[in-house]
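*Asks:*
Chains as they are written, first to last, in the numbering used here: chain A, 105 to 219; chain B, 2 to 113.
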């Protein structure tokens, strides 16, 4: 079964450092997403990406965050200067076209710990 | 009112029990509805879509009431492996703007 892969599975960083989380979406999918889940809280939408540009972003996705699809396979989330409150599990997801556009497949997540 | 609100939990039931989860959503423009399952420290996985006419998948039945903006999930004959957190998910728009809005989830523990 096709899957979304994410790296790293866990990253520990110091406050103020830059972090890049990487994702390889399912190969024929067109829509890409980042979500986050702070421990014990709900899954929250960060950003959606389609046709090489951001299609929607939440209020969480401020200037500290950016996304990029540098090549045909990777989809990255960069946090420029991490804060303690950025500690969370970050999930990448992708979806296909047509009726499949609303059916997201999530990766296993990247756990970010900011010290 | 929260965008997606689920019953508070957790639920702790014996094997074989029937359990029902409820969910309400605030945006009447919501178009698509899902139940996802999330195991501890894992990613959400699609359990089933929810259709207006109601739909069933084995022991799982999902219902949607658009007038009341209410979704439900019924699990019959609970198994130990059903222990997980169940997430109610609503989508307002489709295509490039398929932003899934998650409820907080309700945790189910099935005991022997």
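By construction, the Cβ of each residue, glycine as well, lies at the ideal position given by its N, Cα and C atoms.
Computed from a predicted model, the values in this text were never measured in an experiment.
Along the region 176-207 of chain A, where does the CB come closer than 7 Å to a CB of chain B? Name the residues.
*Replies:* Listed by position along the chain: 195, 199, 205, 206, 207.
*Asks:* Report yes if the CB atom of residue 183 (chain A) is closer than 7 Å to the CB atom of residue 128 (chain A), and no otherwise.
*Replies:* No, Cβ-Cβ distance for residue 183 (chain A) and residue 128 (chain A) is not below 7 Å.
*Asks:* Nearest CA to the CA of residue 89 (chain B): which residue from B:61, B:112, B:20, B:73?
*Replies:* Nearest option by C-alpha distance: B:73.
*Asks:* At the level of alpha carbons, what is the spacing between residue 186 (chain A) and residue 173 (chain A)?
*Replies:* Their backbone Cα atoms lie some 21 Å apart in a straight line.
*Asks:* Name the DSSP beta bridge partners of residue 46 (chain B), please?
*Replies:* BP columns for residue 46 (chain B) point to B:38.
*Asks:* Would a check of beta-carbon distances place residue 210 (chain A) closer than 7 Å to chain B?
*Replies:* Closer than 7 Å to some Cβ of chain B, the Cβ of residue 210 (chain A) qualifies, so yes.
*Asks:* Between residue 149 (chain A) and chain B, is any beta-carbon pair separated by less than 7 Å?
*Replies:* So yes, residue 149 (chain A) belongs to the interface.
*Asks:* DSSP three-state label for residue 206 (chain A), please.
*Replies:* The answer is helix: DSSP assigns residue 206 (chain A) an H, G or I state.
*Asks:* Based on DSSP bridge pairs, tell me the residues matched to residue 58 (chain B).
*Replies:* Answer by DSSP bridge pairing, in chain order: B:61.
*Asks:* Verify whether the separation of the beta carbon atoms of residue 5 (chain B) and residue 26 (chain B) is less than 7 Å.
*Replies:* Going by C-beta atoms, residue 5 (chain B) is nearer than 7 Å to residue 26 (chain B).
*Asks:* Roughly how many angstroms lie between the CA atoms of residue 91 (chain B) and residue 206 (chain A), to the nearest whole one?
*Replies:* So the alpha carbons of these two residues sit roughly 10 Å apart.
*Asks:* Going by DSSP, what residues sit across from residue 107 (chain B) in a beta bridge?
*Replies:* Note: residue 107 (chain B) sits in a beta bridge opposite B:87.
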